[in-house]
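The opening position of the sequence shown corresponds to residue 0 in numbering that gives the first Met the number 0, with each subsequent residue numbered one higher.
All C-beta atoms in this analysis are idealised placements derived from N, C-alpha and C, irrespective of residue type, glycine included.
Predicted model, so just to flag it, every value in this text is computed and none were measured.
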Amino acid sequence: MNRKRMGLCVMAALVCGAAVELMAEEATIELALAGKADLVVKRGYTAEAAACVECHAKETPGVVEGWRSSRMAHVGVSCYDCHSVEKSSPMASQCSGIKGTETFISPMVSPTTCARCHPAEVEQFSKSGHARLAAVPVVDSEKFKTLMYKLEGGEFMHPDVPGSTASRSTGCQQCHGTEIELGPDNKPINDTWPGGVGQRYPDGGIGNCTVCHTRHMFSIAEARKPEACASCHLGPDHPDIEIYLSSKHGQVFLAHGDDWTWDSPPDAWEPGDYKAPTCATCHMSGIGELKTTHNINERLHWDLVHPKSVVRSGERGDGEKGRPLMEKVCKNCHGPTHTGSFMGQLDQAVALYNEYYEGAEKMREELAARKLLKGDRWSDGFMELHYYLWHHTGRRARHGAAMNGPDYAHWHGFFQIFQVYKDMQAIYDYRIKHGEIEELSTVMNSGPE
Ligand code: HEC
Ligand code: HEC
Ligand code: HEC
Ligand code: HEC
Ligand code: HEC
Ligand code: HEC
Ligand code: HEC
Ligand code: HEC
0 MNRKRMGLCV
10 MAALVCGAAV
20 ELMAEEATIE
30 LALAGKADLV
40 VKRGYTAEAA
50 ACVECHAKET
60 PGVVEGWRSS
70 RMAHVGVSCY
80 DCHSVEKSSP
90 MASQCSGIKG
100 TETFISPMVS
110 PTTCARCHPA
120 EVEQFSKSGH
130 ARLAAVPVVD
140 SEKFKTLMYK
150 LEGGEFMHPD
160 VPGSTASRST
170 GCQQCHGTEI
180 ELGPDNKPIN
190 DTWPGGVGQR
200 YPDGGIGNCT
210 VCHTRHMFSI
220 AEARKPEACA
230 SCHLGPDHPD
240 IEIYLSSKHG
250 QVFLAHGDDW
260 TWDSPPDAWE
270 PGDYKAPTCA
280 TCHMSGIGEL
290 KTTHNINERL
300 HWDLVHPKSV
310 VRSGERGDGE
320 KGRPLMEKVC
330 KNCHGPTHTG
340 SFMGQLDQAV
350 ALYNEYYEGA
360 EKMREELAAR
370 KLLKGDRWSD
380 GFMELHYYLW
390 HHTGRRARHG
400 AAMNGPDYAH
410 WHGFFQIFQV
420 YKDMQAIYDY
430 RIKHGEIEEL
440 STVMNSGPE
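Here it is in structure tokens:
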């Protein structure tokens, strides 16, 4: 591992020219932070960059304390490097500390800024579902806007206030991201900032690196822990953290994770530092001959998000290439028989789920042809069940099977798919037999848990 570490330092010096340049103009100062005489940071910054830190140590000590403990603070990347913008930038503004100077800043920082020093990470990230695709449901898709406002409750209580955005801005947007709108002072308006992983910035940048590396520590160790994914990958429709923590891998993490080494350099975090994989190990980290990737689609085979599961292609990734990459991850710790058997089980689970989904679609198509579906699918019992079948129970079964979560694969998954399917059949039979829609919603509104 030592050889790898050394190689990496040389790389960092080459890649990070901008930071090195900054330190060349050195105007070394001492910063006594928030009156703590024992915590003195001694680094080289331009006078301008030092002024941001000095004043903000009083104005926003929480930010400066986080930054101070970060790897980037230690190599001389400062507030100025990330927050200063050209005067002509659509996001340019000035805080009270720099009013009247020629320096302009923004509270928004997009991946375009990170790309100056981390071009490879940003390029990989940009190709992933975490970038442009993530905000599609919130920003681009009329279908989803209708789904949200008309069907998922956005307008329900306020029919006279069309476009009420509270459930969007506090829900979908915090995970998926949205497009930032700016007011006359170039500051964000209409609740469009901050936002989730696919945030779209006025400077053209797409994405939010801080969802996994929270500001201002930007820690690689944090991003490697399952908690980094848990704020979004949870709940009834994609319970990935619940699945993980109840898997054998999660058991080992919960029992021993406190003793693992989390801060090895990129591509040098290997079995031995840890005994079982976390989300990052399987989906992102370098392990064995695999290199770290910020494209979380790279190692995936199936599309397990959408109503019907197909092998990934096009902008969703290349599923044929994904499978052998994921198998390489497993083979660092498991033999080929174990890994082959596991992937075979996953494929069986996908096939069984798809069979249920196709059966449900056939019933839906026939009911639609006979005009036996209501216009509002949220008050049509059959359509409510159809949604729960694929979006809740069906995702749980598939994600459970993919990540060794037997309770989610069966009890929260296939068992409930089977229950929901039987109820759909009963409604279908009734409507076909009587040529009419039953009067009350037959479905409990909270859906199967
Ligand atoms: C490595 C880049 C980087 C450095 C260095 C950095 N920031 Fe930030 N900062 C960010 C990012 C990214 C965000 C989140 C922006 C977003 O969501 O659009 C942010 C957000 C902020 C915000 C707005 C969010 C809030 O909680 O109000 C403030 C204020 C801020 N930073 C101040 C500072 C100060 C002061 C320093 C120096 C001590 C600093 N930053 C150093 C990248 C950086
Ligand atoms: C003399 C003190 C002082 C200096 C120097 C200073 N700031 Fe500020 N900054 C403030 C104060 C006070 C605020 C709170 C909002 C305001 O008054 O504008 C602030 C707010 C901010 C915000 C948040 C803006 C928002 O809309 O929420 C950012 C980002 C920021 N400063 C970055 C910087 C950067 C980068 C520098 C260096 C180029 C800098 N500041 C220099 C005092 C200072
Ligand atoms: C001016 C150049 C520069 C900018 C801009 C910059 N970084 Fe860095 N970053 C560095 C350097 C240098 C390192 C240290 C590399 C090393 O230790 O090998 C680093 C390290 C990191 C690390 C690894 C931290 C660790 O714990 O090892 C992360 C994560 C990171 N940066 C994220 C970001 C993000 C996110 C942004 C944009 C918001 C950003 N950086 C902007 C230069 C920069
Ligand atoms: C707690 C975070 C969270 C919230 C809130 C959330 N989502 Fe998601 N959403 C996710 C995650 C994580 C996935 C990916 C699941 C997977 O890969 O199986 C996802 C997947 C999706 C997908 C499928 C992906 C695609 O590109 O087609 C759509 C559509 C979607 N969400 C729409 C919405 C809408 C609309 C809302 C608000 C009504 C919303 N989501 C609220 C986290 C969230
Ligand atoms: C989905 C979570 C996630 C997001 C989003 C994310 N990162 Fe990372 N990042 C990680 C993980 C996990 C690692 C550690 C990989 C490993 O173990 O080698 C990492 C490592 C890094 C490193 C250290 C060098 C390397 O490549 O391993 C840098 C620099 C970095 N990230 C920058 C960024 C930037 C810039 C963005 C935004 C474009 C970003 N990250 C967004 C999870 C994330
Ligand atoms: C801020 C919320 C958020 C965080 C944190 C987050 N994700 Fe995601 N993730 C999403 C959303 C939203 C999607 C759906 C993207 C889409 O529309 O295709 C997603 C999709 C995915 C997908 C499926 C990709 C696809 O295109 O279907 C994987 C795999 C994934 N995330 C892994 C991770 C891992 C691993 C971590 C932690 C290291 C993580 N995510 C952290 C929000 C998040
Ligand atoms: C042991 C390795 C492993 C671990 C640990 C792991 N995953 Fe996965 N994950 C997989 C495999 C394998 C698949 C299915 C890949 C395929 O498509 O064939 C998958 C699928 C997914 C998907 C569904 C992608 C889609 O098609 O919709 C998401 C989202 C996801 N993982 C997120 C996470 C999160 C978040 C964590 C941690 C809480 C995590 N994973 C932990 C191996 C892992
Ligand atoms: C860093 C090592 C490591 C990696 C990488 C890894 N696993 Fe594991 N796995 C373990 C450990 C340790 C256990 C617990 C073994 C036990 O129960 O005694 C385990 C247990 C399992 C189990 C539970 C059944 C059993 O053998 O006890 C399954 C299934 C599994 N892993 C599948 C996978 C798959 C699939 C991958 C790749 C996508 C993978 N693992 C990657 C270390 C790893």
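Here residue 180 carries a strand assignment [DSSP, helix/strand/coil]. Around the beta-carbon of residue 439, fewer than 16 other beta-carbon atoms lie within 10 Å, marking it exposed. Sorting 274, 422, 277, 120 by C-alpha distance to the C-alpha of residue 385 places 422 at the top. Relative to the non-hydrogen atoms of ligand 6, the Cβ of residue 332 never comes closer than 7 Å to any of them. With respect to the 8 Å criterion, residue 174 and residue 138 are not classified as neighbours on the basis of their beta carbons.
When the five nearest sequence neighbours on each side are left out, the beta carbons in the same chain lying within less than 8 Å of the beta carbon of residue 233 are those of 239, 240, 241, in order along the chain. Close CB contacts of residue 326 within its chain, under the 6 Å cut and outside five residues either way in sequence, are with 338 (chain order). Assigned with DSSP and collapsed to three states, residue 70 falls in helix. Contact between residue 303 and residue 355 fails: their C-beta atoms lie close to 14 Å from each other, not under 8 Å.
A check of alpha carbon separations from residue 125 across 382, 419, 294, 73 identifies 294 as the nearest. The beta carbons of residue 277 and residue 252 sit about 6 Å from each other, so the pair counts as a contact at 8 Å. Put simply, of 329, 320, 310 the residue whose alpha carbon is nearest the alpha carbon of residue 284 is 329. With contacts defined as CB atoms closer than 8 Å, residue 203 and residue 172 fail to qualify as a contacting pair. Distance from residue 88 to residue 105 at the Cβ level is roughly 7 Å; contact confirmed, criterion being Cβ atoms closer than 8 Å. The C-beta of residue 218 has 16 or more other C-beta atoms within 10 Å across all chains shown, which makes the residue buried. Beta-carbon to beta-carbon, residue 373 and residue 431 are separated by about 16 Å, too far to satisfy the 8 Å threshold. In this structure, the C-beta of residue 234 approaches ligand 4 to less than 7 Å from one of its heavy atoms.
If you check the CB distance, residue 261 and residue 220 come in under 8 Å. Within the same chain, 272, 273 come within 7 Å of residue 259 by CB-CB distance, once the 5 residues on both sides are set aside. Exclusion of residue 228 from the 7 Å shell around ligand 3 follows from its C-beta lying no nearer than that to any non-hydrogen atom of the ligand.
At least one heavy atom of ligand 2 sits closer than 7 Å to the Cβ of residue 186. Proximity to residue 315 across 301, 403, 336 peaks at 301, based on C-alpha coordinates.
For residue 84, the three-state secondary structure derived from DSSP is strand. Distances from the CB of residue 168 to the heavy atoms of ligand 5 are all 7 Å or more. Short of 7 Å from the beta carbon of residue 401, and not among the five residues preceding or following it, lie these beta carbons of its own chain, in chain order: 303, 345. Rounded to whole angstroms, the gap between the alpha carbons of residue 45 and residue 80 is 11 Å.
For residue 71 and residue 109, the gap between their C-alpha atoms comes out near 17 Å.
In the DSSP annotation of this structure, the continuous segment of the alpha helix (DSSP H) that includes residue 327 starts and ends at 318-329. The beta carbon of residue 236 is closer than 7 Å to those of 390, 391, 394 in its chain, skipping five residues each way along the sequence.
Per the coordinates, the alpha-carbon of residue 67 lies some 21 Å from the alpha-carbon of residue 224.
In the three-state DSSP reduction, residue 301 falls in the strand class (E or B). Out of 100, 185, 69, 60, the CA that lies nearest to the CA of residue 213 is found in 69. In chain order, 96 place their CB closer than 7 Å to the CB of residue 54, counting only its own chain and leaving out the 5 sequence neighbours on each side. Within the same chain, and ignoring the five residues on either side of residue 181 in sequence, the residues whose Cβ sits closer than 8 Å to its Cβ are 89, 90, 187, 188, 201. Residue 426 sits close to residue 380, with the two beta carbons spaced by under 8 Å.
Per the C-alpha coordinates, the member of 84, 265, 142, 134 positioned closest to residue 117 is 265.
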